[in-house]
Amino acid sequence: MFLLDWLFGRRHGKPDAAPAPARSLKEADGCAPGTSIRYSADLVEHLVRDHHAMLECFAAIGKAARGARFGEAALLLERFRADLHGHLLVENVRLYVYLEHTLADDPASHALMREFRHDMDEIGKKVVAFLARYARLGEDPALAASFVADLDAVGAALADRIRREEDVLYPLYAPVA
Numbered sequence: 001m002f003l004l005d006w007l008f009g010r011r012h013g014k015p016d017a018a019p020a021p022a023r024s025l026k027e028a029d030g031c032a033p034g035t036s037i038r039y040s041a042d043l044v045e046h047l048v049r050d051h052h053a054m055l056e057c058f059a060a061i062g063k064a065a066r067g068a069r070f071g072e073a074a075l076l077l078e079r080f081r082a083d084l085h086g087h088l089l090v091e092n093v094r095l096y097v098y099l100e101h102t103l104a105d106d107p108a109s110h111a112l113m114r115e116f117r118h119d120m121d122e123i124g125k126k127v128v129a130f131l132a133r134y135a136r137l138g139e140d141p142a143l144a145a146s147f148v149a150d151l152d153a154v155g156a157a158l159a160d161r162i163r164r165e166e167d168v169l170y171p172l173y174a175p176v177a
């Protein structure tokens, strides 16, 4: 439950603490309009750390594959898959939903954010298909022949996406005025 609580901005109190009183309208400031999703000053930093960890894992996958250590590459692929799914969940709920609501009155920024979200959906489908295709990499030697080339293509798409997110999308994330 902690992950869901963190995703939705809830904080844990003492187990026997009395429930918090209902918030007034003024106290609700800081939430994206129409949601209970609050701005989080460390969200972008968290997402960037995720990016670095995923890129390191991806590099390790490539190194293992190029060394014909496909069992190791398969284990790293599973770790990458789990990390990616966790990252996308946080990004979809905490970033995109927040931006969807806070940028509603800024048509240009809202359109840019929606374009990023649509693009990520497309890239996500390709990466998930890649991960599904090579899930048995350590067990099926026939998969090894195409793996490195496919890995390089996915890696290039992900690296480009990460760069664009960090340079263009993440700066749109700001506290509600």
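In full-length UniProt numbering, the protein residues as written are 1 to 177. We put the beta carbon where it would ideally sit given N, CA and C, even for glycine.
Distance check for residue j and residue i, CA to CA, integer angstroms please.
i	j	result
A129	R38	33 Å
A135	E91	24 Å
L99	A68	43 Å
residue 178	A157	Because the chain is modelled from 1 through 177, residue 178 falls outside the range shown and cannot be assessed.
R83	S40	In the sequence on display, residue 83 carries Asp and not Arg. Between D83 and S40, the C-alpha separation is close to 20 Å.
A142	R133	12 Å
R94	K63	33 Å
S146	V176	47 Å
H85	D50	11 Å
M120	L76	22 Å
K126	L169	21 Å
A53	D160	16 Å
A108	C57	35 Å
H118	L43	21 Å
Output the boundary residues of the alpha helix (DSSP H) element that contains residue i.
i	result
C57	L43 to R66
Does the beta-carbon of residue i have 16 or more other beta-carbons within 10 angstroms, so that it is buried, or is it exposed?
i	result
V154	buried
E115	exposed
E165	buried
Please state whether the Cβ-Cβ distance between residue i and residue j is less than 9 Å.
i	j	result
L172	L88	no
A73	G138	yes
R66	V148	yes
H101	P33	yes
F70	A174	no
Quick one: does the C-beta of residue i sit closer than 8 Å to a heavy atom of the ligand FAD?
i	result
H118	In the structure on display, the ligand FAD does not appear, and there are no ligands present to speak of.
- Hey, which unbroken runs of the alpha helix (DSSP H) at 4 residues or more fall wholly within the UniProt domain "Hemerythrin-like" (43-172)? If we require 4 residues or more, the alpha helix (DSSP H) runs fully inside the UniProt domain "Hemerythrin-like" (43-172) come out as 43-66, 70-90, 97-102, 107-133 and 144-164.
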